[in-house]
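In my numbering, the protein residues as written are 35 to 504.
The next block holds one structure in the form of structure tokens; read it before the comments.
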């Protein structure tokens, strides 16, 4: 102890000094964005971990989530605007400064509920804390210049349609060009716009335990903003309900969290009680469990996934939902034809590995991680898988081929090639109740149903029903 000093006062001062100031929503978002930008981290995984450690309130956690996903989703547009105001170009900025400007500009351009001056002040405070006066002055200057500029972005008049859509809706140019070729410019722009909307929260009702009507009434009685899904007869859409996985309904197995389009796949398989069903690439088990529910948990489902830890997710789901007819396995789906008896299954679901371009709304990083060759390379795998697992279907049985992508190289072209080479199979997609319900909105592509993200505000999905002739 120093002479004349008070030991208790000294200890108090030390403990005060050592206690860090809790991070704000913007600081948490900034840290995630820097690591995504620098290290290629997956935003959803990193954000979940960061939020758990942060101690943020529910409201602030919601803001951090909005800032991370919104900034990543609007990246091309934000950078296009910033380039007009950062004299030395944004590439030369330190990564944290670049990410701070992006998330601040995102608030100014896209978040009406946050006053622009508040976004600027917060950015300046963070830059003072993390950098020196020169950086905070630059951040302040850039953002105040943005505010004076008025409505942004402003695009050059001579842009091609594809380039304008790419810049305005922040999608890679190659992706926009593909969608224009496949669906036309208006639909391509609608897909891009839909991908930038926040995803809806939808849950699938476990009808072995409770009816949709009863569960919906329970939610409404608790003051939740919930409505029956217009896409799936088994779905409920919940707005502002927070994390549905933390509810007693989830814990007790009354519901699963699943996108509305994804719920249609099990319905297309249409398994009946007592059937023998194979789910080839089943993890994390949402569609497997839905099929078991449709069967009233009577029959047998072999749920396979290549990875053992993912196969465990399926069995965990089944246990939570009280479903006993699901048996999990872990082999390469290509090897199923050598490990299972041929012509032994009544129903087969091949929810094939794909580029995932239908779920960009939920995983905005996908836009920046994918390349055109990814679509081409995975289509070879899809062809092989379909050819291989089809041998396991009984005559008269139904095989459903599905993907969560918008690309016909992975969808209708795969199915057409398969049908050409396998005359003992015929397409029965358009004679199903599913098509009767969706045909006014969804597209017929080849021998399958193509749902686009702009159709129902749900994920992009392709579903084709194939029957083996008797």
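The beta-carbon is built from N, C-alpha and C at its ideal position, and this holds for glycine as well.
A quick note: this is a predicted structure, and the numbers were derived from the prediction, not measured.
DSSP three-state assignment for residue 455, whether helix, strand or coil | Numbered from 1 along the chain shown, position 421 holds the residue referred to as residue 455. Helix, per DSSP.
Three-state secondary structure (DSSP) at residue 504?
-> Residue numbering aside, residue 504 sits at position 470 when the chain shown is read from its first letter. Coil, per DSSP.
Spatial neighbours of residue 161 in its chain, beta-carbon cut-off 6 Å, leaving aside the 5 residues before and after | As a working note, residue 161 is residue 127 in the chain shown. Answer for residue 161: 169, 170 and 173, listed in chain order.
Leaving aside the five residues before and after residue 358 along the sequence, list all residues of the same chain whose C-beta is less than 8 Å from its C-beta, in chain order.
-> In the chain shown, residue 358 corresponds to position 324, counting from 1. Hits under 8 Å: 331 and 352.
Determine the DSSP secondary structure at residue 134, reduced to helix, strand or coil.
-> Within the chain shown, the letter at position 100 stands for residue 134. It is helical.
Exposed unless 16 or more other CB atoms sit within 10 angstroms - verdict on residue 401 | Here residue 401 corresponds to residue number 367 of the chain shown, with the count starting at 1. Classification for residue 401: buried.
So residue 177 and residue 130 are in contact, right, with Cβ under 8 Å, and what is the actual spacing, rounded?
-> Here residue 177 is taken as the residue at index 143 of the chain shown, counted from 1. Here residue 130 is taken as the residue at index 96 of the chain shown, counted from 1. Not a contact, Cβ separation roughly 15 Å.
Considering residue 69, what are the terminal residues of the beta strand (DSSP E) in which it resides?
-> Taking the first residue of the chain shown as position 1, residue 69 is located at position 35. Where residue 69 is concerned, there is no enclosing beta strand (DSSP E), although the alpha helix (DSSP H) it sits in stretches over 59 to 73.
Sub-8 Å separation of residue 290 and residue 323 beta-carbons = Working through the chain shown from its first residue, we reach residue 290 at position 256. Working through the chain shown from its first residue, we reach residue 323 at position 289. Closer than 8 Å, so yes.
Where residue 220 falls, given that 16 or more other Cβ within 10 Å makes a residue buried | Locating residue 220 in the chain shown gives position 186, where the first residue counts as 1. By the 10 Å Cβ count, residue 220 comes out exposed.
Extent of the continuous alpha helix (DSSP H) run through residue 369 = The sequence position of residue 369 within the chain shown is 335, counting from 1. From DSSP, residue 369 is part of no alpha helix (DSSP H); its letter is neither H nor E.
Cβ pair residue 287, residue 243 closer than 8 Å = Along the chain shown, read from residue 1 onward, the residue named residue 287 stands at position 253. Along the chain shown, read from residue 1 onward, the residue named residue 243 stands at position 209. Cβ atoms of residue 287 and residue 243: closer than 8 Å.
Does DSSP classify residue 169 as helix, strand or coil?
-> Indexing the chain shown from 1 puts residue 169 at position 135. Of the three classes helix, strand and coil, the one that applies to residue 169 here is helix, per DSSP.
Would you grab the beta carbon distance between residue 140 and residue 92 for me? Rounded to a whole angstrom, and I think it's under 8 Å.
-> By 1-based counting over the chain shown, the position of residue 140 is 106. By 1-based counting over the chain shown, the position of residue 92 is 58. About 21 Å; that fails the 8 Å criterion.
If you compare alpha carbons, which of 66, 82 and 232 is closest to residue 134?
-> Translated into the one-based positions of the chain shown, residue 134 becomes position 100. Minimum Cα distance to residue 134 is reached at 66.
When burial is assigned at 16 or more other CB atoms within 10 Å of the CB, is residue 442 buried or exposed?
-> As a position in the chain shown, residue 442 is number 408, starting the count at 1. Classification of residue 442: buried, given that the 10 Å Cβ count is 16 or more.
Counting only runs that start and end within the segment 335 to 384, where is the beta strand (DSSP E) found for 3 or more residues in a row?
-> 360 to 363
So residue 80 and residue 68 are in contact, right, with Cβ under 8 Å, and what is the actual spacing, rounded?
-> On the chain shown, residue 80 is found 46 positions in, with the first residue counted as 1. On the chain shown, residue 68 is found 34 positions in, with the first residue counted as 1. In fact, because the Cβ distance is near 10 Å, the residues do not count as touching under 8 Å.
Report the option in 333, 179, 326 and 368 whose CA atom is closest to the CA atom of residue 348.
-> For the purposes of this step, residue 348 is identified with residue 314 of the chain shown, where counting begins at 1. Taking only the C-alpha atoms, the option nearest residue 348 is 326.
Whose CA, out of 157, 143 and 213, lies closest to the CA of residue 184?
-> Position 150 of the chain shown holds residue 184. The shortest Cα separation from residue 184 among 157, 143 and 213 belongs to 143.
Does the distance from the CB of residue 364 to the CB of residue 345 come in under 8 Å?
-> Counting from one through the chain shown, the residue named residue 364 turns up at place 330. Counting from one through the chain shown, the residue named residue 345 turns up at place 311. Yes.
Pull up the distance between the alpha-carbon of residue 263 and that of residue 273, whole angstroms please.
-> Looking up residue 263 in the chain shown gives position 229. Looking up residue 273 in the chain shown gives position 239. Rounded to the nearest angstrom, the two C-alpha atoms are 12 Å apart.
For the beta strand (DSSP E) that residue 429 lies in, which residues bound it at each end?
-> Locating residue 429 in the chain shown gives position 395, where the first residue counts as 1. Start and end: 427 to 437.
Under three-state DSSP, which class holds residue 395?
-> The residue labelled residue 395 in the question sits at position 361 within the chain shown. Residue state, collapsed to three classes: coil.
Could you check if residue 495 is buried or exposed, using at least 16 other CB atoms within 10 Å of its CB as the buried criterion?
-> Mapped onto the chain shown, residue 495 falls at position 461. By the neighbour-count rule (16 or more Cβ atoms within 10 Å), residue 495 is buried.
Are residue 339 and residue 316 close, meaning C-beta to C-beta below 8 Å?
-> By 1-based counting over the chain shown, the position of residue 339 is 305. By 1-based counting over the chain shown, the position of residue 316 is 282. Cβ distance < 8 Å, so residue 339 and residue 316 count as in contact.
Of the residues 501, 502, 499 and 491, which one's Cα is nearest the Cα of residue 229?
-> Start at 1 with the first residue of the chain shown, and residue 229 comes out as number 195. It is 491.
Per DSSP, which residues does residue 423 bridge with? Please list them.
-> Residue 423 sits at position 389 when you count from the first residue of the chain shown. Answer by DSSP bridge pairing: none, since residue 423 is not bridged.
How long is the line joining the alpha carbons of residue 450 and residue 211, rounded to whole angstroms?
-> Looking up residue 450 in the chain shown gives position 416. Looking up residue 211 in the chain shown gives position 177. Residue 450 and residue 211: Cα-Cα distance of roughly 23 Å.
Three-state class that DSSP yields for residue 244 in the structure shown = Sequence index remark: in the chain shown, residue 244 carries index 210 (1-based). Here residue 244 sits in coil by DSSP.
Helix, strand or coil for residue 509 per DSSP?
-> The shown model of the chain, from 35 to 504, leaves out residue 509, and the question about it has no answer.
For residue 74, does the count of other Cβ atoms within 10 angstroms reach 16, so buried, or fall short, so exposed?
-> Locating residue 74 in the chain shown gives position 40, counting from the first residue. The residue is exposed, with fewer than 16 neighbouring Cβ atoms inside 10 Å.
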